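What follows is one structure encoded as structure tokens, with my remarks underneath.
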Amino acid sequence: MKNLILLTILLFVTCKYSIAQQNYYGVQNSHRKGMINAMMNPAEINNLTKKVEVSLFSFNIGLDNNVLSVQDIIDDPDVLENIFDDVEGPVNLRTDVSVLGPAVGLRFNKWSFGITTEIKAKADIIDFNPDLGSSIIESSNNDNYQTIINIPENQRVNATGWMEIGFLAGRKILDTDFHSLSVGANFKLLLPGSYTNFGMDNINATIIYSEDEILLTDAQGSLNLSYDERLENDDDFNIEDDLWRGLSPSGLGVDLGVNYMLKRDKKAFLNLGLSLKNMGSMRMGNNQRNKYYSMNIPQNEYFRTDNLEGSIEEIEQQLVDSGYFNISNNDTEAKISMPRSLSAYVEFSPAKIFQVSLYGQKRVSNENNNFNLSSADLLVLTPRLVLGKFELYSPWMQHQVSGLTGGLGFQVGGFFVGSQSIITSVMKNNNRADVHMGFSLGFGS
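Add 5 to the 1-based position in the sequence shown for this note's numbering, that's all there is to it.
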């Protein structure tokens, strides 16, 4: 168990230096409408700036956490030794990577269509108990240490990757010189890569660390471990060939959206949108293993965790032989639900050279469920200076995990580059790091 807990902390520390995030906050509400806008809300496929929009390549990488900033580590290299001392609530970390490959959108009078390709990856720590982290660190500094752990909620370490192929369709229901109303949908084929989940639920235990042994007593709770069995044998797992499981679709997803535009001089004066995103799920392949461990160690009885060694099967046999653990397998449950969310936005252009947008996102799925992917609640305010094809924007975001961050970016035609946190990173300790960039072309009027 100690090795599994240390893996949790290791992932947290490692992710601190890897940078990742998903949505293109700031640029996705751009005055210039392209495929980035259509992926935010499929109804925006009807508002493409050009008749043909081609997105060649875009990416967004970033990280959010609620414990440390990069500046904390720079100021105090030993800060990791006391990482959990001043943490009052659960530790959370969200990393997401999004790479948008070739994407094409076409407008045909009242109808519009598009095709997108996107690769996504996530690595999250969800509601990690700081008391558990403190006990692990304390035990490494003291030969004799005892702690009592009470974790009523399900805490998770989760990592996954997948690919999406999207087919967008939209239609303008109403279109005049003064206003327009559009609807759209994005139907997605989901191609799963690998999925790993480590979830500890309703854990109550006394952990005794000594120089020679690590003991569990008065312990109850359950654990879920879901992983690709090919990871058990490194010799048989080739990341280039096997990670995406042969690019075989095994799930469907859908985004639905509606858009209303109020015009002035035939240009957007007020643009409103509402979308329900990431409905659907994907089933992992036959190689996925899904195991449940239940633990019941009575008071005054002890189980040594430092003696566990060998393969997963050998460790499981040691657990069962102890009489304190029950193990069940249910591989048919490895069906992963997408990170469903409800989003809304308003874009206001009071002058030709100025626009301000407000974007909000609310998660509508339970991220403590072992088979649900997470998404963050957030609110983003973005003022934008528009000088012809040049746009300068500054997104300010209140994020569920990292709090308030502010960034800066610019767009010239179809090229954009920016960050949602660069300003606050310079001004103060910032719990978010990210960058986004992309390039697209448009043809026709």
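Even for Gly, the Cβ is constructed at its ideal location relative to N, Cα and C.
In this text, all values refer to a predicted model and were calculated from it rather than measured experimentally.
Here's the rule I'm using: 16 or more other beta-carbon atoms within 10 Å means buried, otherwise exposed. How should Glu-396 be labelled?
As a first step, residue 396 must be located in the sequence shown, where it is residue number 391. Buried, since its Cβ has 16 or more Cβ neighbours within 10 Å.
Backbone CA spacing between Pro-95 and Ile-156 [nearest angstrom]
Sequence index remark: in the sequence shown, residue 95 carries index 90 (1-based). Sequence index remark: in the sequence shown, residue 156 carries index 151 (1-based). A straight line joining the alpha-carbon of Pro-95 with that of Ile-156 spans about 10 angstroms.
Between Met-287 and Ile-341, how many whole angstroms is the CB-CB distance? I'm expecting something under 8 angstroms.
As a first step, residue 287 is located in the sequence shown; it is residue number 282 there, counting from the start. As a first step, residue 341 is located in the sequence shown; it is residue number 336 there, counting from the start. The Cβ separation is near 5 angstroms, so the contact holds.
When the Cβ atoms of the region 101 to 111 are set against those of the region 46 to 63, are three or more pairs found closer than 8 angstroms?
yes
Where does the unbroken alpha helix (DSSP H) through Ile-41 begin, and where does it stop?
What you label residue 41 is simply residue 36 of the sequence shown in a count that begins at 1. Run containing Ile-41: 40 to 45, per the alpha helix (DSSP H) assignment.
Could you give the distance in angstroms between the alpha-carbon of Pro-344 and the alpha-carbon of Asn-377?
Taking the sequence shown and counting its residues from 1, one reaches residue 344 at position 339. Taking the sequence shown and counting its residues from 1, one reaches residue 377 at position 372. Approximately 7 angstroms between the Cα atoms of the pair.
Could you tell me whether the Cβ atoms of Val-162 and Ala-126 are closer together than 8 angstroms?
In the sequence shown, counting from the first residue as 1, residue 162 sits at position 157. In the sequence shown, counting from the first residue as 1, residue 126 sits at position 121. Result no, Cβ atoms of Val-162 and Ala-126 do not sit closer than 8 angstroms.
Alpha carbon to alpha carbon, how far is Ile-130 from Gln-360? Give it in angstroms, no decimals.
Residue numbering aside, residue 360 sits at position 355 when the sequence shown is read from its first letter. Residue numbering aside, residue 130 sits at position 125 when the sequence shown is read from its first letter. Answer to the nearest angstrom: the Cα atoms are 36 angstroms apart.
Tell me whether Gly-137 sits in a helix, a strand or coil according to DSSP, three-state version.
The residue you call residue 137 lines up with position 132 of the sequence shown. A small correction: the amino acid at residue 137 is Leu; Gly does not occupy that position in the sequence shown. Helix, per DSSP.
Alpha-carbon spacing of Arg-176 relative to Pro-47, whole angstroms
As a working note, residue 176 is residue 171 in the sequence shown. As a working note, residue 47 is residue 42 in the sequence shown. Distance between the alpha carbons of Arg-176 and Pro-47: 10 angstroms.
Measuring only the C-alpha atoms, how far is Glu-245 from Ser-253?
Mapped onto the sequence shown, residue 245 falls at position 240. Mapped onto the sequence shown, residue 253 falls at position 248. Low per-residue confidence applies at Glu-245: pLDDT is 47, beneath 50, and the placement is therefore not dependable enough to give any value.
Specify whether the region 65 to 74 and the region 190 to 206 touch according to this definition: at least 3 beta carbon pairs, one from each stretch, less than 8 angstroms apart.
Cβ pair count under 8 angstroms is below three, so no.
Helix, strand or coil at Gln-322 according to DSSP, with G and I counted as helix
Position 317 of the sequence shown holds residue 322. Gln-322 falls in the helix class under three-state DSSP.
Nearest CA to the CA of Thr-181: which residue from Ser-231, Lys-115 and Ser-215?
The residue given as residue 181 occupies position 176 in the sequence shown. When only C-alpha atoms are compared, the closest one is Lys-115.
C-alpha gap between Ser-407 and Asn-305, whole angstroms:
The residue you call residue 407 lines up with position 402 of the sequence shown. The residue you call residue 305 lines up with position 300 of the sequence shown. Roughly 42 angstroms separates the two Cα atoms.
Do the region 368 to 383 and the region 408 to 419 make contact, defined as three or more Cβ pairs closer than 8 angstroms?
Three or more Cβ pairs closer than 8 angstroms define a contact, and the region 368 to 383 falls short of that threshold against the region 408 to 419.
Got a sec? Which residues, its chain only, sit under 8 angstroms from Gln-323 by beta carbon, not counting five neighbours each side?
Here the question's residue 323 lines up with position 318 in the sequence shown. Excluding residues within five positions, the ones whose Cβ falls inside 8 angstroms are Asn-312, Leu-313 and Gly-315.
Buried or exposed (CB count within 10 angstroms, at least 16 for buried), Val-385
Working through the sequence shown from its first residue, we reach residue 385 at position 380. Val-385 is buried by the Cβ-count criterion.
Is Met-432 helix, strand or coil when you go by DSSP?
On the sequence shown, residue 432 is found 427 positions in, with the first residue counted as 1. Of the three classes helix, strand and coil, the one that applies to Met-432 here is helix, per DSSP.
Using three-state DSSP, classify Ala-381 as helix, strand or coil.
Indexing the sequence shown from 1 puts residue 381 at position 376. Ala-381 falls in the coil class under three-state DSSP.
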